[in-house]
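Protein chains in written order, with the numbering used here: chain A, 892 to 986; chain B, 447 to 578.
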């Protein structure tokens, strides 16, 4: 997805984790643009720490409202897309 | 911990080697914030105090388990990120509070930080040409 300057995010994800051997620890995922405030997703964080990306996407506990940019369903879908992209990048840094 | 003063402009943070090295998630967020003209004026404290639900920095604070300092009528207090965001544009800051600093844990070896977002077509500022 091209990064265009000056955009407001439809959905965004800020992620932090610690590489621990072949896994991830201290996974912290904070979404923005999906609710009234930034939201953590603990169930998805736990799944990602286990290396279960599909499980992390399935466990996404988000219920975004429709807004001027996108419907809630689109936002929820995009949240999963971002999770897969970010998970892949976080995993790249494992030893 | 890395402490960033509330009045630090986004543009300053964007150019900061300290933030690039020790708070890389914030460094990654910086170029995504609005555009350069906004980043020259906007401040990190302002962004966190405003708590726009679609903004990058509040999510960074939450992802990093950071904290903010607030100065109010009863003096100074520290508010952890998990306790800070209350609702739509609503934070733990009271009407007489001023946010004075933001702190996040310094990145250590083996830490990975990523920030991705999906946006629509840019609303570009047209550059105005002036004469004289």
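The beta-carbon is built from N, C-alpha and C at its ideal position, and this holds for glycine as well. Source: prediction; values computed, not measured.
Helix, strand or coil at residue i according to DSSP, with G and I counted as helix
| i | result |
| --- | --- |
| residue 493(B) | helix |
| residue 509(B) | helix |
| residue 471(B) | helix |
| residue 521(B) | strand |
| residue 892(A) | Any reading at residue 892(A) must be qualified, since the residue scores a pLDDT of 37, below 50, and its modelled position is unreliable; no value is offered. |
| residue 450(B) | strand |
| residue 962(A) | coil |
| residue 948(A) | helix |
| residue 529(B) | helix |
Chain B within 9 angstroms of residue i, Cβ atoms only
| i | result |
| --- | --- |
| residue 972(A) | yes |
| residue 905(A) | yes |
| residue 969(A) | yes |
| residue 939(A) | no |
C-beta neighbour in chain A for residue i, strict 9 angstroms
| i | result |
| --- | --- |
| residue 461(B) | no |
| residue 526(B) | no |
| residue 510(B) | yes |
| residue 556(B) | yes |
| residue 516(B) | no |
| residue 456(B) | no |
8 angstroms contact criterion, which residue i and residue j should meet: CB distance rounded
| i | j | result |
| --- | --- | --- |
| residue 450(B) | residue 478(B) | Incorrect: roughly 17 angstroms between the Cβ atoms, too far for contact. |
| residue 545(B) | residue 500(B) | 19 angstroms between Cβ atoms; not a contact. |
Requested in this report: Could you list the residues in the region 955 to 966 of chain A with a C-beta less than 8 angstroms from some C-beta on chain B, going in chain order?
Outcome: Per Cβ criterion, the list reads 960.
Query - At least 3 beta-carbon pairs within less than 8 angstroms: the region 536 to 545 of chain B vs the region 947 to 966 of chain A - result: Per the Cβ contact rule, the region 536 to 545 of chain B is not in contact with the region 947 to 966 of chain A (fewer than 3 Cβ pairs under 8 angstroms).
Requested in this report: Assess, as a yes-or-no matter, whether the region 459 to 470 of chain B is touched by the region 924 to 931 of chain A under the definition of 3 or more beta carbon pairs within less than 8 angstroms.
Outcome: Judged by Cβ distances under 8 angstroms, the region 924 to 931 of chain A makes no contact with the region 459 to 470 of chain B, as fewer than three pairs qualify.
Query raised in the report: With a cut-off of 8 angstroms, do at least 3 Cβ pairs link the region 902 to 919 of chain A to the region 962 to 976 of chain A?
Result: Two segments are said to touch when three or more pairs of C-beta atoms, one from each, lie closer than 8 angstroms; by this definition the region 902 to 919 of chain A touches the region 962 to 976 of chain A.
Query raised in the report: Quick check: the region 917 to 926 of chain A against the region 500 to 508 of chain B, are there 3 or more CB pairs under 8 angstroms?
Result: In the pairwise beta carbon analysis, the region 917 to 926 of chain A is classified as touching the region 500 to 508 of chain B: at least three pairs are separated by under 8 angstroms.
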